[in-house]
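Residue numbering for the sequence shown follows the numbering used here, starting at 448 and increasing by one per position. For glycine and all other residues, C-beta sits at the position ideal for the given N, C-alpha and C.
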Amino acid sequence: MVGAFEIRSAKGGSLRGGVEVYGAGAGASGGRHEGYTSSDGDLRACQRGHGYAPPEDCESLLQIELLPVPPAEVVAAGTCPVDMAFVEVGEARGFCLDTHEVTVRDYARCAADHTCSEAPASVDWPGISEDEHARYDELCNTDRSNRRSHPVNCVTWDQAASYCRAQGKRLPQVREWKWAARGGEQNRTYPWGEDLPGPSHVNACGKECAKQFGAREQAFEAADGNRGTAPVGSYRDGVGRWGLLDMSGNVLEWTDHPIHSSGTLQVMGGSALSGAPEALESAASEYVQPSTRRFDLGFRCAADPRVDEGKGRRRKR
Numbered sequence: 448m449v450g451a452f453e454i455r456s457a458k459g460g461s462l463r464g465g466v467e468v469y470g471a472g473a474g475a476s477g478g479r480h481e482g483y484t485s486s487d488g489d490l491r492a493c494q495r496g497h498g499y500a501p502p503e504d505c506e507s508l509l510q511i512e513l514l515p516v517p518p519a520e521v522v523a524a525g526t527c528p529v530d531m532a533f534v535e536v537g538e539a540r541g542f543c544l545d546t547h548e549v550t551v552r553d554y555a556r557c558a559a560d561h562t563c564s565e566a567p568a569s570v571d572w573p574g575i576s577e578d579e580h581a582r583y584d585e586l587c588n589t590d591r592s593n594r595r596s597h598p599v600n601c602v603t604w605d606q607a608a609s610y611c612r613a614q615g616k617r618l619p620q621v622r623e624w625k626w627a628a629r630g631g632e633q634n635r636t637y638p639w640g641e642d643l644p645g646p647s648h649v650n651a652c653g654k655e656c657a658k659q660f661g662a663r664e665q666a667f668e669a670a671d672g673n674r675g676t677a678p679v680g681s682y683r684d685g686v687g688r689w690g691l692l693d694m695s696g697n698v699l700e701w702t703d704h705p706i707h708s709s710g711t712l713q714v715m716g717g718s719a720l721s722g723a724p725e726a727l728e729s730a731a732s733e734y735v736q737p738s739t740r741r742f743d744l745g746f747r748c749a750a751d752p753r754v755d756e757g758k759g760r761r762r763k764r
């Protein structure tokens, strides 16, 4: 649902605003309503006014106008590109989201025709030690033949955004990413539901990670089979709504998020280094510099669905 409002004083000043609410049913009809109220305590004097002209007996009046917005256009089924899921968003138009993270193979194909820049073979990770830098460099997947089904990692925000544009897509907005990870109105704690993360749900910091990196926290005691990234879609018990894979763990994911005043961007989803269950929740996020390159940071793309006339279906009212 999308709503808008305008607050206007009797002396001509005004304030406008709007709100977007995912998952709320707004209905298809609405009317224009205007009225007056008072901030000086003399509400009865204001109520003596008729019509839309300000009553003369009150002061500090506000005129409130509710402006209806037409319902979302018809959205057709099957309008997302191959390997993308259509994510429903209540009464509003939904969006398409890659079912899995962009892989090394996908990215290498784009780099081969010079549409995308090469994925770096090293990290650029502020705050880590030289020893950590050396260990993490080895986990950059680049175009290694044995990791082509792993998520591409060690790429900057610009590289991720450029790849998505080259495919006719875009990076998902934070609100879109969270909505998809939570299963929409189901509001799941984790993409798969309410069960605590286990080695069959997610590639997170388990036994291998703790041994390799000396992690102080482990998401679970057992081994999950990987010390770095895993091939996309490896953890079938962790599949989210709409068939979305790896929305938690494996790699954090870049989003199309406004740059914070600190110069950072919001990344979502937890990663292979996440050692606490809360770091793997659907709403979990971190803030990083756009130029950051981390082995536990990748991305997936989003897109707006095509609308084919005559083949659409309206949302249930």
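**Item:** Straight-line Cα distance separating D560 from G716
**Value:** 30 Å
**Asked** If you check the beta carbons only, do T752 and C527 fall under 8 Å apart?
**Response** Sequence inspection shows Pro at residue 752; the Thr mentioned does not correspond to that position. The answer is yes: Cβ separation under 8 Å.
**Asked** Does DSSP put Q659 in a helix, a strand or coil?
**Response** helix
**Asked** What's the gap between the Cα of V754 and the Cα of Q665?
**Response** 45 Å
**Message:** Can you check which of these residues, W689, N673 and P598, is closest to Q633 by C-alpha distance?
**Reply:** W689
**Asked** Leaving out five residues before and five after W604 in sequence, what residues of the same chain have Cβ atoms less than 7 Å from its Cβ?
**Response** W701, L712 and P737
**Prompt:** In its own chain, which residues sit with a C-beta less than 7 Å from the C-beta of L692, not counting the 5 before and 5 after it?
**Reply:** T546, H547, V679, G680 and V686
**Request:** Using three-state DSSP, classify W768 as helix, strand or coil.
**Result:** Absent from the model: residue 768. The displayed extent of the chain is 448 to 764, so no value can be given.
**Message:** Output needed for A731: all residues of its chain with C-beta closer than 6 Å, excluding positions within five of it in sequence on either side, in chain order.
**Reply:** G717
**Message:** With DSSP as the reference, identify every bridge partner of V536, one or two as the case may be.
**Reply:** A539
**Item:** Beta-carbon proximity of R617 to R552, cut-off 8 Å
**Value:** no
**Message:** Can you confirm whether the segment 613-628 touches the segment 743-752 when touching is taken to mean that 3 or more C-beta pairs between the two stretches lie within less than 8 Å?
**Reply:** yes
**Message:** Given a cut-off of 8 Å on the beta-carbon distance, is the pair R629 and S729 in contact?
**Reply:** yes
**Asked** Which runs of the beta strand (DSSP E), 3 residues or longer, sit entirely within the segment 697-721?
**Response** 699-701 and 712-715
**Request:** Use the C-beta contact count for Q606: other C-beta atoms within 10 angstroms, 16 or more gives buried, fewer gives exposed.
**Result:** buried
**Request:** Pull up the distance between the alpha-carbon of L744 and that of V698, whole angstroms please.
**Result:** 5 Å
**Message:** Assuming A613 and C543 are in contact, meaning their beta carbons sit under 8 Å apart, how far apart are those beta carbons, in whole angstroms?
**Reply:** Not confirmed; about 16 Å, so no contact.
**Message:** Within the continuous alpha helix (DSSP H) that includes S609, where are the two ends?
**Reply:** W604 to A613
**Request:** Measure the C-alpha to C-alpha separation of H438 and T739 and round it to an integer number of angstroms.
**Result:** Any question about residue 438 goes unanswered here, given that the chain covers just 448 to 764.
**Prompt:** Candidates E585, G574, S576 and R635: which alpha carbon is nearest S695's?
**Reply:** R635
**Request:** Have a look at D571, G675 and V735 and flag the residue whose alpha-carbon is nearest the alpha-carbon of H597.
**Result:** G675
**Message:** Do F667 and G645 count as a contact pair if the criterion is CB distance below 8 Å?
**Reply:** yes
**Prompt:** For the candidate residues Y682, V735, E579 and V534, whose alpha-carbon lies nearest to that of K625?
**Reply:** V534
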